[in-house]
Amino acid sequence: MSDIVNVAWKKYLLQLQLHPLRTKAITAAFLAGFSDGVAQKIAGAKRLQLRRILLFMVCPHFTLYGSSDSLNMRNKYFDSIYRSGVDP
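Going by our numbering, the sequence shown opens with residue 125, and the numbers climb by one from there.
This is how it looks when you write it as C-alpha cells:
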C-alpha cells in the first residue's frame, strides 16, 4: 500500500512541475467535491446529491457565489467593511 501511495505522490509532483495550473485546478476541483460529499454525510444525508457535488467540482462560481454559506460569509464581510467606513 505504501508503495502505491509513494508512486502516486511522485506522479502528482511530476505533473505539478510539468503542468502546474492544470494540476492545481484538478486538485482544487477534487477537494471541493470531496469536502462537499463529506459535509453532506456529516449533515445526515442518506444519499449524496451527486449533482451538487459535480457543481462544486465543475463550477467554481457556484462555490463562490451560489451556496448559501458563502453568500452569508461574503455579506458579513462586506457589511463589516462598509459599516466601518474603511475602503478596501
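Don't be surprised by glycine CBs; every beta carbon is placed ideally from N, CA and C.
None of these values were measured; they are calculated from a predicted model.
Cβ pair residue i, residue j closer than 9 angstroms
| i | j | result |
| --- | --- | --- |
| Ala153 | Val182 | yes |
| Leu155 | Thr147 | no |
| Arg175 | Gln164 | no |
Per-residue DSSP class, three states only, for residue i
| i | result |
| --- | --- |
| Ala163 | helix |
| Met125 | coil |
| Lys200 | helix |
| Arg207 | helix |
| Ala169 | coil |
Nearest-angstrom beta carbon gap, residue j and residue i [assumed within contact, 8 angstroms]
| i | j | result |
| --- | --- | --- |
| Leu172 | Gly157 | Actually they do not touch by this definition, with Cβ atoms about 10 angstroms apart. |
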